[in-house]
Amino acid sequence: MSKFIVVFASISIIVAFIVVLKNHVRTKRTMDTLEKMIDSAADGEYSETKFDESRLSALETKFSNYLSSSSTSSKNIMKEKEKIKTLISDISHQTKTPISNLILYSELIEEGDLSEDMRSNVEAIKQQAEKLEFLIKSLVKLSRLENGILNLSPIKEEIQPMLQDIYEQYISKAIGKNLELNIEKTTSKATFDRKWTTEALGNIVDNAIKYTNSGEINIKVHEYEIFTRIDISDTGIGISESEQAEVFSRFYRSQSVHNDEGVGIGLYLTREIISSEGGYIKLTSELGVGSTFSVYIPR
1 MSKFIVVFAS ISIIVAFIVV LKNHVRTKRT MDTLEKMIDS AADGEYSETK
51 FDESRLSALE TKFSNYLSSS STSSKNIMKE KEKIKTLISD ISHQTKTPIS
101 NLILYSELIE EGDLSEDMRS NVEAIKQQAE KLEFLIKSLV KLSRLENGIL
151 NLSPIKEEIQ PMLQDIYEQY ISKAIGKNLE LNIEKTTSKA TFDRKWTTEA
201 LGNIVDNAIK YTNSGEINIK VHEYEIFTRI DISDTGIGIS ESEQAEVFSR
251 FYRSQSVHND EGVGIGLYLT REIISSEGGY IKLTSELGVG STFSVYIPR
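Residue numbering for the sequence shown follows UniProt numbering, beginning at 1 and increasing consecutively.
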């Protein structure tokens with residue numbers, strides 16, 4: 001009887017070992033297959049024809065179907081991006097010459113002997129052509145950012161040279177309105193794409209000059225552990241609390257400045273650029289006192 005129990009126990013152990021080994025081999029095979037699927041998908045070369053569905057487990061079959069669907073979606077997205085890229089390029093190219101000609105001819109007409117009414121009309125045509133040119137350029141930049149066609153390349157570098165570029169770009173416009181443009185020197189560094197961050201900050205400075213009738217615009221830098229903060233403050237008309245959440249919206253323009261120049265896309269583009277770099281913007285403002293835009297850029 002004892003021998004029977006020993007034999008039975010031995011057989012049970014052997015059977016259990018075989019079952020465990022079989023399950024281990026099956027699991028390993030499944031994991032190997034899934035790993036190959038993931039590797040193929042990561043390389044952009046996944047194809048369901050590479051795998052024999054009759055040999056796949058239910059999990060592998062579901063995963064194969066998912067990857068196949070994702071691969072198709074990814075290819076469709078790439079095709080759509082190429083279409084958008086071509087469209088943006090066509091818009092930029094096809095409108096550049098006509099708009100430039102409108103501005104040029106309006107300037108030539110202005111040089112002639114015109115009545116006050118005609119001169120006013122020609123000036124209006126010129127301003128609207130310049131506005132259209134700015135709008136198209138802004139929309140092209142924005143579309144490239146939103147569709148991933150344009151990739152920012154942030155690197156760690158000093159902030160002062162970028163601020164100096166902004167100063168040189170906007171000092172004439174500030175002087176033209178009898179405003180002071182002050183930049184506090186700094187040795188701070190941050191991680192940013194210089195070209196696009198210059199444009200983002202420039203949009204804020206341009207608005208500050210546009211909506212400040214007297215006083216000054218000040219730019220200061222503050223360092224934190226994770227971010228570097230760039231404050232752009234003005235003594236302008238200010239923004240009401242109810243509108244502060246709206247100013248970064250696409251094409252938003254306050255009723256108080258509706259008749260002033262502008263298309264309402266500058267701050268939206270600024271936020272998109274800063275967000276793409278891993279930063280963010282805060283706004284504090286008081287009507288009749290001024291505004292401060294605080295731009296946080298990763299260190």
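We put the beta carbon where it would ideally sit given N, CA and C, even for glycine.
The beta carbon of Ile155 sits closer than 6 Å to no other beta carbon from its chain once the five residues preceding and following it are set aside. Scanning Ile209, Ser100, Phe192, Leu132 for the CA closest to the CA of Leu181 turns up Ile209. Beyond the five residues adjoining it in sequence on each side, Leu142 comes within less than 6 Å, by CB distance, of Leu269 in the same chain, given in chain order. Residue pairing from DSSP places Tyr280 in a beta bridge opposite Tyr296.
In the same chain as Thr198, and ignoring 5 residues on each side of it, the C-beta atoms closer than 7 Å to its own belong to Met162, Asp165, Ile166, in chain order.
Going by beta carbons, Ile103 and Val122 fall outside the 8 Å limit. For Leu181, there is no enclosing alpha helix (DSSP H); the enclosing beta strand (DSSP E) covers residues 180 to 183. Judged by DSSP in its simplified three-state form, Ile219 adopts strand. Exclusion of the five residues before and after Glu184 leaves Lys220 as the residues of its chain whose Cβ lies within less than 6 Å of its Cβ. Of Gly202, Asn213, Ala245, the smallest CA-CA separation from Ile175 is found for Asn213. One alpha carbon belongs to Lys177, the other to Asp234, and they sit about 13 Å apart. The C-alpha of Gly288 lies about 14 Å from the C-alpha of Gln244. Val205 is positioned such that its CB atom lies no closer than 8 Å to that of Ile171.
Annotation for Ile232: no alpha helix (DSSP H) segment contains it, though the beta strand (DSSP E) segment containing it runs 227 to 234. For the pair Leu283 and Glu116, the Cα-to-Cα distance works out to about 42 Å. Taking a 10 Å sphere around the C-beta of Asn207, we find 16 or more other C-beta atoms and assign the residue as buried.
Around the CB of Arg271, 16 or more other CB atoms lie within 10 Å, so the residue is classed as buried. Under the DSSP assignment, Glu157 falls in the beta strand (DSSP E) whose first and last residues are 155 to 158. In the three-state reduction of the DSSP assignment, Phe134 falls in the helix class.
In the three-state scheme derived from DSSP, where H, G and I count as helix and E and B as strand, Lys189 is classed as strand.
Rounded to whole angstroms, the gap between the alpha carbons of Ile125 and Glu107 is 10 Å. Asp113 and Gln128 have their C-alpha atoms spaced approximately 22 Å apart. Excluding sequence positions up to five before and after His222, its CB lies within less than 6 Å of the CB of Arg229, all in the same chain and listed in chain order. Judged by DSSP in its simplified three-state form, Gly176 adopts helix.
Distance from the CA atom of Leu132 to the CA atom of Ser138, rounded to whole angstroms, is 10 Å. With a threshold of 16 other beta carbon atoms within 10 Å, Ile226 falls short and is exposed.
Gly236 and Arg250 have their C-alpha atoms some 22 Å from each other. Take the alpha-carbon of Thr187 and the one of Gln169: they are about 21 Å apart.
For Gly290, the CB contacts under 7 Å within the same chain, skipping 5 residues up- and downstream, are Ser233, Asp234, Thr235, Gly236, Gly238 in chain order.
For the set Glu286, Glu246, Tyr224, Ser285, the Cα lying nearest the Cα of Tyr296 is the one of Tyr224. Rounded to the nearest angstrom, the Cβ distance from Pro298 to Ala190 is 7 Å, consistent with a contact under 8 Å. Straight through space, the alpha carbons of Ser285 and Val247 are spaced by roughly 12 Å.
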